[in-house]
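Trainee: Protein chains in written order, with this note's numbering: chain X, 9 to 253; chain G, 9 to 253.
Following this message is one structure expressed as structure tokens.
Protein chains: 2
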Amino acid sequence: MGRYFIEIQYNGTNYHGWQIQENANTVQAEINKALSTFLQEEIMVMGCGRTDTGVHAKEFFAHFDTAKTFENDFLTYKLNCLLPKDISCKNIFNVQDDLHARFSATSRTYEYWITPTKNPFLTEYAYFFPQQLNIHLMNDAAKLLIQQTDFSCFSKSNTDTLTNNCNITFAEWQKTDEKLIFTITADRFLRNMVRAIVGTLLEIGQEKLTKNDLQQIIASKNRSEAGVSVPAHGLYLTKVTYPTF
Amino acid sequence: MGRYFIEIQYNGTNYHGWQIQENANTVQAEINKALSTFLQEEIMVMGCGRTDTGVHAKEFFAHFDTAKTFENDFLTYKLNCLLPKDISCKNIFNVQDDLHARFSATSRTYEYWITPTKNPFLTEYAYFFPQQLNIHLMNDAAKLLIQQTDFSCFSKSNTDTLTNNCNITFAEWQKTDEKLIFTITADRFLRNMVRAIVGTLLEIGQEKLTKNDLQQIIASKNRSEAGVSVPAHGLYLTKVTYPTF
């Protein structure tokens, strides 16, 4: 038996997220189907995380086990033929047997894209948010996130996670020609956490909330205190790291 | 009566091109509808050109006349509310009465986007063309276009144009991180011309045709000699110039 990592990208617009479920189009189901077709055995991949409906991934890893042998580049090529056009396979490679796509990941990075002007080419790719924003205030508040650990205030209630502790190592807004991009890196994220953080930082950018309010929201550990979640279509999983790559 | 120019952008994916037609979704129909709604009179805009089904525009101008008065910025804002999300209004401005969006334009620039790798985020925006291409040969052949005037070989047959003469002033391929972009500027273009030129240059890039073959194709003035047209979704109208702007 060998363990393989598959590196993919997907446009989440037409998917009910990563995780396989009854009667819904999911990325995991497409990957399972393509791999099972090629390898002629039932393959069930394990993903590095569970992106929600509409969320995109510029870098996503999953693992699977098989005793079959194949040429990695040829399987990559074949998968791209078998997979729909909104999912691409970048790479397939052999890893040690205990490397787990989800549990071995040491950090995840997300980006959230905002377009301040109506842009016909970003309708599926960025959140159109025309209000004036003070990026300096948003970046100042974002720094606060790095010093915290308990993010219960940004967690969807009733999830089955054992802890709401996350170690955020990077959180920053950057302005490009067309977009405002928020980049955040942590060892782990709670469900809906990035979109709730972005929603709260947008309120700070509009001067409806202050950095002190954010401090209090985090201290409250209460989801209802934080800002509303921003839409899924602006969110991208962009990087996942493992001990060896 | 005053004449106004409206500057728009659109994602052509869901439109049967610019020009209004029975029983089809067109950009012109959407612009007419939005302007007529706001101005409370029937407005019929004249576009700078007629993009085909699926072709995009990063810069497109149209003109209309009205005796009504309005604040240009306010109308721009209102149009963006009235127009679908895949059409945006960038600007509206008063021009001299005889400036015509189509006939006064002195040059048009198109870009054609190719993605050499399967890219889930460019499915609507670039032509996926994985074959190896020799860009040096393509650029060398593109230079030839600048010295020609009669482009009958790249014209759709049975069009009602009086002449097939065009003055191409720029034609060049450039490589970016993710894409190969062909940029071409001329005083005018024949119907389907850019897509036929790109299709022919791709054959040169694959070394199926030579620069000399291109010379002969142009001399033949026969559309059936040239390469096949590439798909519409990689094509963008990106710049239109007028004597005064």
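Quick reminder that beta carbons are idealized off the backbone N, C-alpha and C, glycines included.
1. Do X/Glu119 and X/Leu198 have their CB atoms nearer than 9 Å?
2. Just how far apart, CA to CA, sit G/Pro251 and X/Asn31?
3. Would the beta-carbon of G/Ile51 fall within 9 Å of that of G/Ile95?
4. Can you name the residues of chain G whose CB is closer than 8 Å to the CB of X/Thr131?
5. Quick one: which chain X residues come within Cβ less than 8 Å of G/Lys86?
6. Select from the segment 95-127 of chain X all residues with a C-beta closer than 9 Å to any C-beta belonging to chain G, and list them in chain order.
7. Starting from the Cα of G/Met54, find the closest Cα among G/Ala70, G/Ser44, G/His64 and give me that residue.
8. Any Cβ of chain X within less than 9 Å of the Cβ of G/Phe137?
9. Could you have a look at X/Lys187 and say whether DSSP puts it in helix, strand or coil?
10. If you draw a straight line from the alpha carbon of X/Phe159 to that of X/Gln29, how long is it in whole angstroms?
11. Mind checking who X/Val236 pairs with in its DSSP beta bridge?
12. Do three or more CB pairs link the segment 181-193 of chain G to the segment 219-236 of chain G at distances below 8 Å?
13. Sort G/Asn147, G/Lys76, G/Lys41, G/His24 by Cα distance to G/Thr59 and report the nearest one.
14. At which residues does the alpha helix (DSSP H) containing G/Gln224 begin and terminate?
15. Please state whether DSSP places G/His144 in a helix, a strand or coil.
16. Comparing alpha-carbon positions, which option in X/Phe111, X/Asn22, X/Lys164, X/Ala42 lies nearest X/Asn33?
17. Count the other CB atoms, across all protein chains shown, that sit within 10 Å of the CB of X/Asn102; report buried if there are 16 or more and exposed otherwise.
18. Grab me the residues of G/Ala150's own chain with a C-beta within less than 7 Å of its C-beta, minus the 5 sequence neighbours each way, in chain order.
19. Bridge partners for G/Met54 per DSSP, in chain order?
20. By Cβ distance, which residues of its chain are closer than 8 Å to G/Leu47, with the 5 residues on each side in sequence left out?
21. Cβ of G/Cys161 within 9 Å of Cβ of G/Ile225?
22. Alpha carbon to alpha carbon, how far is G/Trp121 from G/Leu133? Give it in angstroms, no decimals.
23. Taking the straight line between their C-alpha atoms, what separation do you get for G/Ile154 and X/Ile143?
24. Tell me the DSSP secondary structure of X/Lys247 in three-state form.
25. Would you identify the three-state DSSP class for X/Ser160, choosing helix, strand or coil?
26. Under 8 Å by Cβ, that's how I've got G/Cys56 and G/Ala113 pegged, so tell me the actual separation to the nearest angstrom.
27. Using the Cβ count rule (16 or more neighbours within 10 Å means buried), how would you classify X/Asn19?
28. Could you pull out every residue in the same chain whose Cβ sits closer than 7 Å to the Cβ of X/Gln202, ignoring the five residues on either side in sequence?
29. Contact check, X/Ile16 vs X/Cys97 under 8 Å by CB: the rounded distance?
30. When you compare each of X/Leu170, X/Glu186, X/Arg116, X/Arg196 to X/Thr131 by their alpha carbons, which one comes out closest?
31. Give the straight-line distance between the Cα atoms of X/Leu245 and X/Glu49, rounded to the nearest whole angstrom.
32. Would you call G/Pro128 buried or exposed, if buried means 16 or more other Cβ atoms sit within 10 Å of its Cβ?
33. So, at 6 Å on beta carbons, what are the nonlocal neighbours of G/Ile176 in its own chain, with the 5 sequence-adjacent residues on each side left out?
34. Among residues of its own chain, excluding the 5 on either side of X/Glu233, which ones have a beta-carbon nearer than 8 Å to its beta-carbon?
Mentor: Taking the definition as stated:
1. no
2. 58 Å
3. no
4. Asn19, Lys93, Asp94
5. Near G/Lys86 there are no residues of chain X at all, since even the closest Cβ is about 12 Å away, more than 8 Å.
6. Ile95, Ser96, Cys97, Lys98, Thr125, Lys126, Asn127
7. G/Ala70
8. no
9. coil
10. 28 Å
11. Paired residue(s): none; X/Val236 is not in a bridge.
12. With a cut-off of 8 Å, the segment 219-236 of chain G and the segment 181-193 of chain G do not count as touching, because too few Cβ pairs lie within range.
13. G/His24
14. 219-228
15. helix
16. X/Asn22
17. Answer is exposed; the Cβ neighbour count stays below 16.
18. Ala179, Glu180, Trp181, Leu209
19. G/His71
20. Answer for G/Leu47: Thr74, Lys76, Phe78, listed in chain order.
21. yes
22. For the sequence presented, residue 133 of chain G should be read as Tyr rather than Leu. Going by the C-alpha atoms only, they are around 7 Å apart.
23. 46 Å
24. strand
25. helix
26. In this structure G/Cys56 is in contact with G/Ala113, their Cβ atoms being roughly 5 Å apart against a cut-off of 8 Å.
27. Burial of X/Asn19 is indicated by the presence of at least 16 other C-beta atoms within 10 angstroms of its C-beta.
28. Going by the sequence as given, residue 202 of chain X is Val instead of Gln. A distance below 7 Å between beta-carbons, with the five flanking residues on each side excluded, links X/Val202 to the following residues of its chain, in chain order: Tyr118, Tyr120, Ile192, Leu243.
29. 5 Å
30. Distance from the Cα of X/Thr131 is smallest, within the candidate group X/Leu170, X/Glu186, X/Arg116, X/Arg196, for X/Glu186.
31. 29 Å
32. buried
33. Correct list, in chain order: Leu153, Ile154, Ala194.
34. Cys161, Gln224, Ile225
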